[in-house]
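FYI, the numbering for the sequence shown is 31 to 129, going by my numbering.
Yeah, the Cβ is synthetic: ideal placement off N, Cα and C, and Gly gets one too.
In this text the structure is predicted, and so the values were computed from the model without any measurement.
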Amino acid sequence: MTKSSNPVGHRVEVELQIDQVTIVTPAEATATVRCMLGPVRRGARFDRIRDSAEAIDLELTQILAYRHSVEELDPVHTALVTLRGTGVQHLTSAFQGSR
Numbered sequence: 031m032t033k034s035s036n037p038v039g040h041r042v043e044v045e046l047q048i049d050q051v052t053i054v055t056p057a058e059a060t061a062t063v064r065c066m067l068g069p070v071r072r073g074a075r076f077d078r079i080r081d082s083a084e085a086i087d088l089e090l091t092q093i094l095a096y097r098h099s100v101e102e103l104d105p106v107h108t109a110l111v112t113l114r115g116t117g118v119q120h121l122t123s124a125f126q127g128s129r
């Protein structure tokens, strides 16, 4: 997934790789992710999934790293995140063997 813009309106490229995703409601999902390009900050909005034409508009509302809430996730770190918005049903694992 990539972030659509920062607060000033400039496009910022960040990337999260989803290891495992749980759809909580039609508008909310939790996912174990690895930051591939960032840092990714709480409040980031995502507008696309790599190699997918499906439209999404998801906001990253929580990052839990090492059981603590943090404001951002740096590259190569893993965390549990909460995403809210449109398109959570299109989120899938980046790995073939995962659910």
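- Minimum Cα-Cα distance from V44 among the listed residues S82, A74, S99 and Y96 corresponds to A74.
- Distance from the CA atom of T108 to the CA atom of R72, rounded to whole angstroms, is 14 Å.
- For L46, the enclosing beta strand (DSSP E) starts and ends at E45 to T55.
- Taking a cut-off of 8 Å on C-beta distances, the stretch 109-119 touches the stretch 87-96, as three or more cross pairs fall below it.
- As summarised for the stretch 57-98, the continuous beta strand (DSSP E) elements at least 3 residues long and confined to that stretch are 58-67, 75-78 and 87-95, given in chain order.
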